[in-house]
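Working notes, beginning with the structure itself.
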DNA sequence: TTGAAAGCGTTACCAA
DNA sequence: TTGGTAACGCTTTCAA
């Protein structure tokens, strides 16, 4: 029925062991023999049995990339870069390359754990976790335990855009969300803004907390009440829209809104537009992430650029072992991108 | 070292066979026994060995979802919906659920084939191919052959937003790109537009060809030269930007531009904006796909809505077998969404 | 309802 | 440089 390694061996008139060696290329094989084997592989259209290979070798070619929302280009860019780096990296078993796959947790802690178990079950070669983590202590502990088991079993664990986990991890590439947010708000303050609203991300996530903390640090440093004008919401457009209306209700005279990310900023802009307010002349809006569409969506948007592609690619290299893990986690900085948003507050 | 099924069996004082039966739940097991086994599983923190299981059962829990560009929300939405449907579907081996993973081909025929081979190697339970196909005859034949091998080996093959492949496929859910594009251009014609530019997608892909054909059908039906004002480019913003400038160079008096998709339309809008032209008052712009950001990016954009989420979810159900494959492929229609784009041509 | 045991297709060790 | 051959951990028939 299906062609096996034994069939190839028979056809090439060698032992199965030799075929395996040719395919894996880890052992010396005579050129003539190798030739014969490869021809047989081709003629029989042989495809290695991955499960059998993984069972015997106690490891597989699978690399899992976990993302919070696959429909969000933020993760798409990271995952795409990681997948490419992994594909280009060291070849996996049997001369084939590693199979980098992305798993969509939807931001759900349960699904995150489920995927980790599934990947553990598959004896994955590596796992890359991207984006913010849920901060529930119980879940955090469960994830840490799971990651420890994975590393113990030889699976490489890489964190990308996610804060380090004590000792359970091969490498961590955290984003400096706090610093980026602080610099962003400092920029607004320098322009003279004082009544600044904040649309934070979903509560209980590291990304949300860090960005919010950065914002508040800047506010506090300027002697302003840091917590007054904050609304939480999910990382989508609707959330920004609703939040902007709520902020305007609370403080009709606000002159700037700092949003959790670019997508949220888009919703903010839409709400302002409906209210007849212009960006950035009436209200300055800032985002975070600098996604490709934001320049069209809101040309006047000031945002923070995170090197998503670079971070993803590096995470991929760390996952394959093509790059040595850094001694300790060095946060990847986010730099404000000032497009047209240099408007000073006008007061209304 | 690692906990095996035998360890669980020993602890529960049953045979390995019984443990397997409890885990898979396909055979009757006494309630008390099952209880004991599950407790042992829990106490030992046992995780099934996927490769071993897949080897013995000759099939795995893996479902591959191939996308052309993971950073494009078009695919993200489809893949997310498919992944969710697959996760919610019939449980896979050992009571766990299916592992739906997305693979990013980057639109490259080689990577597409490579991923198919990798999934074949893993003995994937199903494969979902999304989005347009490259039309190179050689590649088409190679893919068809590969898909035939996959179905022969018991892997379900589902096409989502991709034209059917002769006999090699379990189910196909093609998008009616041609009809959607035709209706879109008809709309422009009804408004009185005559000098309509077209920014088509990358040459040699089914999606591009079908959308272009629909556009030209409408043009021809209106007695207009169908091929005059067409520029090809990739599915990204830059492509739209460049194409719009080129179209304006060729026909400064054009009053409408039909873009390959929403992302491209964004680039078109940006170029027009730079030229001091307003959308839709000076130039009407149409996109395709109706992605979430387009409403903010270009509120005046007319676009075609494809039910991406529904299509992805259905593809997922077809992949798990939760839904019976349709007798034959029924194209999923795309309906024009007229936001503010009802402007008639002004002539310039 | 349960157990015993024969595979499943590779890998990797030990010889030759 | 090559071959023989135990594992690897699970599933599944066949018996009991």
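Residue numbers (the numbering used here), protein chains in the order written: chain A, 1 to 348; chain B, 1001 to 1348. Just so you know, even glycine gets a beta-carbon here, dropped at the ideal spot from N, CA and C.
- A Cβ-Cβ separation of about 10 Å leaves residue 248 of chain A out of contact with residue 229 of chain A under the 8 Å criterion.
- Under the three-state reduction of DSSP output, residue 1133 of chain B falls in the coil class, being neither helix nor strand.
- Judged by DSSP secondary structure, residue 177 of chain A falls within the alpha helix (DSSP H) whose first and last residues are 177-190.
- The C-beta of residue 1037 of chain B has 16 or more other C-beta atoms within 10 Å across all chains shown, which makes the residue buried.
- By the Cβ criterion, the region 1078-1088 of chain B is in contact with the region 1303-1321 of chain B, since at least three pairs of Cβ atoms, one from each stretch, lie closer than 8 Å.
- Chain-ordered listing is empty here: chain B has no CB closer than 9 Å to the CB of residue 178 of chain A, the nearest sitting near 26 Å.
- Under the Cβ criterion (8 Å, minimum of three pairs), the region 214-232 of chain A counts as touching the region 175-194 of chain A.
- Within the same chain, and ignoring the five residues on either side of residue 1308 of chain B in sequence, the residues whose Cβ sits closer than 6 Å to its Cβ are 1077 and 1078.
- Residue pairing from DSSP leaves residue 1068 of chain B without any beta-bridge partner.
- Looking at the backbone, the Cα of residue 1112 of chain B and that of residue 1039 of chain B are separated by about 43 Å.
- Given a length threshold of 4 residues, each whole run of the alpha helix (DSSP H) inside the region 12-50 of chain A is given here in chain order: 16-24 and 31-44.
- Of all residues in the region 275-296 of chain A, only 292, 293, 295 and 296 place a beta-carbon less than 8 Å from a beta-carbon of chain B.
- When secondary structure is reduced to three states using DSSP, residue 1168 of chain B falls in the coil class, being assigned neither helix nor strand.
- Close CB contacts of residue 1236 of chain B within its chain, under the 8 Å cut and outside five residues either way in sequence, are with 1263, 1264 and 1267 (chain order).
- Proximity of chain B to residue 317 of chain A at the Cβ level (cut-off 7 Å) is not reached, the minimal Cβ distance being about 17 Å.
- Here residue 1026 of chain B is exposed. Its C-beta has fewer than 16 other C-beta atoms within 10 Å.
- Relative to the Cα of residue 1022 of chain B, the nearest Cα in the group B:1034, B:1131, B:1250 and B:1015 belongs to B:1034.
- Closest in alpha carbon position to residue 88 of chain A, among A:48, A:141 and A:321, is A:321.
- The contact set of residue 1077 of chain B on chain A, defined by CB atoms closer than 9 Å, consists of 70 and 71 in chain order.
- Around residue 157 of chain A, no beta-carbon contact reaches into chain B at under 9 Å, the shortest distance being about 16 Å.
- Bridge partners of residue 158 of chain A according to DSSP: A:128 and A:171.
- Residue environment: residue 1018 of chain B is assigned as buried (16 or more neighbouring CB atoms within 10 Å of its CB, all protein chains considered).
- Selection B:1176, B:1272, B:1151 and B:1199 evaluated against residue 1166 of chain B yields B:1151 as nearest (Cα-Cα).
- Shown here, residue 252 of chain A sits in coil according to DSSP, grouped into three states, outside any helix or strand.
- The shortest CA-to-CA distance from residue 138 of chain A to any of A:63, A:104, A:204 and A:123 is the one to A:204.
- Per DSSP, the continuous beta strand (DSSP E) segment holding residue 99 of chain A begins and ends at 99-104.
- A Cβ-Cβ distance of about 11 Å is found for the pair residue 1335 of chain B and residue 1302 of chain B, leaving them out of contact under the 8 Å criterion.
- When CB distances to chain B are screened at a threshold of 8 Å, the residues of the region 251-272 of chain A falling below it are 263, 266, 267, 269 and 270, in chain order.
- For the pair residue 162 of chain A and residue 192 of chain A, the Cα-to-Cα distance works out to about 33 Å.
- Residues of the same chain with a CB within less than 6 Å of the CB of residue 1109 of chain B, apart from the 5 flanking positions on each side, are 1134 and 1139 in chain order.
- Against chain B, the beta carbon of residue 103 of chain A has neighbours under 9 Å at 1083, 1099, 1100, 1101 and 1102, listed in chain order.
- Under DSSP, residue 230 of chain A takes part in a beta bridge, and its partners are A:198.
- Look at residue 1051 of chain B: its C-beta is under 9 Å from a C-beta on chain A.
- Under DSSP, no beta-bridge partner is assigned to residue 1280 of chain B.
- In the three-state reduction of the DSSP assignment, residue 1109 of chain B falls in the helix class.
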